[in-house]
Every structure is written in C-alpha cells, then in structure tokens.
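Data first, discussion second: the structure below is written as structure tokens.
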Amino acid sequence: MKSIKLIILTSFGLLAALACSEKKENKENEEVHSTSLSTLSQKETQYYSNGRKLYKTICSNCHMENGAGLGRLIPPLAKSDYLINNRGDLARVLKYGINGPMTVNGINYNQPMPANPNFTDLEIAEILTYIGNTWGNEMGGFSIEEVVKDLAKASAND
Ligand code: HEC
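Right under this line is the structure:
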C-alpha cells in the first residue's frame, strides 16, 4: 500500500515537473518572438536564442538579466552608447576581457571584466547578436565572419 502511494506521488511530481518545463519552453519562445526581432534572419534568430542562454549563464551575474548593470561597478548593456559606438571592439571585449577606465552613458567605470578565452567565434557571434538586439538595442546580427575579422584586427593593433 505504501509503495503504491509512493508511485502515485512520484508520478504527480513528474507530471508537475513536465508541465512546468513545457511552460518555460513556451515562455522562452514567446520572448524571442515578442522582441523587435523582425529584422533578423532565421539564422540570426537562432544565434539570438543561443546567445541568450549563454548570456544568462556567463554574463548576467554581473550585467544582470535585464542588462542594466550594477550601480557604479558594472556598466549597462541595455541602450549602452559604448556598445553602439564600439561595435568592432566587442568581440575582443568578450574574449579577452577589458580593464581600465571607461565611460558608458555618461558614467565612469573602472573594474576589470574577466576574459573568456575558451569562447568560440560562433559563441561570440551568438552572444553579441543577443545583447545587440534585446533591451531595446537594435544593432542587427553579428556573423562569425565579423567576429573573426574583429578579433584579427584588434590583435594586429596591439
Ligand atoms: C565579473 C563581472 C563581469 C562579467 C561576468 C562580465 N562582465 Fe562585462 N563588464 C564588466 C565590467 C566591470 C565592465 C567595465 C570594464 C571597465 O571598466 O574597464 C564590463 C564591460 C563590458 C562591456 C563594455 C561596456 C558596456 O557596458 O557596453 C561589454 C559589451 C560587456 N562587458 C559585455 C559582457 C558580456 C557579453 C559578458 C558575458 C560573456 C560579460 N560582459 C561578462 C564585468 C563583467
């Protein structure tokens, strides 16, 4: 009798978990489609959604899920003038980190951002496509070719 109860309880638990994960999946798709992404190609939309997952795991601790940053310590990515004005440097910022004073939307920041040396060119393109096209940012897609070109250009300037 006890074990039957247990089985019933367990299957309820499983059902609840399944229902929840399905909901979450739907919500994710909704969000992808509700952002003003109509200008992105199908491939770029795929980059955006992969980039979103990477962002949540790797970047949101510091820059926050909504891209607002954190006080005077971490600059915002949402509507960041730095992002728009330094498009060609972003691949390098993500891969090698950045250090020293910088001004974002009129506020001075000066904390190190860690490097992510293991990022692939694809992952960088995905994250940039995400942060460049969410929170009201409208930078269009980033291709692997653009990332490769920007990484090469930056290291040649060192
Ligand atoms: C440990 C905290 C931390 C993490 C994790 C982090 N950053 Fe940063 N990021 C910073 C700080 C601090 C700066 C400002 C650096 C400076 O002052 O020189 C910065 C600056 C930036 C900038 C340029 C300034 C701006 O706001 O537009 C971009 C773009 C950026 N980060 C993107 C990312 C992305 C994408 C990720 C994930 C791959 C990430 N960061 C992960 C702390 C972090």
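Count along the sequence shown from 1, add 7, and you get the number used in our numbering. Cβ coordinates follow ideal geometry from the N, Cα and C atoms, glycine included.
Round the Cβ separation of residue 136 and residue 72 to the nearest angstrom and send it over; I've been treating them as touching at under 8 Å.
As a first step, residue 136 is located in the sequence shown; it is residue number 129 there, counting from the start. As a first step, residue 72 is located in the sequence shown; it is residue number 65 there, counting from the start. Actually they are not in contact, since the Cβ atoms of residue 136 and residue 72 sit about 17 Å apart, beyond 8 Å.
Roughly how far, in whole angstroms, is the beta-carbon of residue 125 from the beta-carbon of residue 85, given that I think they are within contact range, below 8 Å?
Along the sequence shown, read from residue 1 onward, the residue named residue 125 stands at position 118. Along the sequence shown, read from residue 1 onward, the residue named residue 85 stands at position 78. Wrong, their Cβ atoms sit about 26 Å apart, outside the cutoff.
Keeping to the same chain, check which residues put their C-beta closer than 7 Å to that of residue 131; ignore five residues upstream and five downstream.
In the sequence shown, the residue the question calls residue 131 occupies position 124. Only 98, 101, 102, 154 meet the Cβ criterion.
The beta strand (DSSP E) enclosing residue 138, as first and last residue numbers:
As a first step, residue 138 is located in the sequence shown; it is residue number 131 there, counting from the start. Element bounds for residue 138: not the beta strand (DSSP E) but the alpha helix (DSSP H), 128-138.
Would you call the CB atoms of residue 76 and residue 141 closer than 8 Å?
By one-based count along the sequence shown, residue 76 stands at place 69. By one-based count along the sequence shown, residue 141 stands at place 134. Not a contact, by the Cβ cut-off of 8 Å.
Give every residue of the same chain whose Cβ lies closer than 7 Å to the Cβ of residue 111, excluding the five residues on either side of it in the sequence, and list them in chain order.
Here residue 111 refers to the residue found at position 104 when the sequence shown is read from its first residue. Excluding positions up to five away in sequence, the list reads 82, 83, 87, 88, 89.
Where are the alpha helix (DSSP H) runs, 4 residues long or more, that stay fully inside the segment 61-119, in chain order?
67-70, 88-92, 97-103
Pick from 62, 156, 160, 146 that is closest to residue 45, judged by C-alpha positions
In the sequence shown, the residue the question calls residue 45 occupies position 38. The shortest C-alpha separation from residue 45 is found at 146.
Straight-line gap, residue 117 to residue 58 (C-alpha atoms, nearest Å)
Counting from 1 along the sequence shown, the entry for residue 117 is found at position 110. Counting from 1 along the sequence shown, the entry for residue 58 is found at position 51. Cα to Cα, residue 117 sits roughly 26 Å from residue 58.
Residue 52 in three-state terms, based on DSSP
Taking the first residue of the sequence shown as 1, we reach residue 52 at position 45. Note: residue 52 maps to helix in three-state DSSP.
Exposed unless 16 or more other CB atoms sit within 10 angstroms - verdict on residue 152
Here the question's residue 152 lines up with position 145 in the sequence shown. The residue is exposed, with fewer than 16 neighbouring Cβ atoms inside 10 Å.
Taking the alpha-carbon positions, what's the residue 79 to residue 119 distance?
Counting from 1 along the sequence shown, the entry for residue 79 is found at position 72. Counting from 1 along the sequence shown, the entry for residue 119 is found at position 112. Looking at the two C-alpha atoms, the distance is approximately 13 Å.
Compare the C-alpha of residue 159 against each of 96, 121, 109 and name the closest.
Here residue 159 corresponds to residue number 152 of the sequence shown, with the count starting at 1. Considering only alpha carbons, the answer is 96.
Verify the contact flag: residue 120, CB atom, against every heavy atom of the ligand HEC, threshold strictly below 7 Å.
Your numbering for residue 120 matches position 113 in the sequence shown. For the ligand HEC, at least one heavy atom lies less than 7 Å from the Cβ of residue 120.
Buried or exposed by the 16-neighbour rule on C-beta atoms within 10 Å, applied to residue 139:
Along the sequence shown, read from residue 1 onward, the residue named residue 139 stands at position 132. Result: buried.
For residue 92, is the classification buried or exposed, using 16 other Cβ atoms within 10 angstroms of its Cβ as the cut-off for buried?
As a first step, residue 92 must be located in the sequence shown, where it is residue number 85. By the 10 Å Cβ count, residue 92 comes out exposed.
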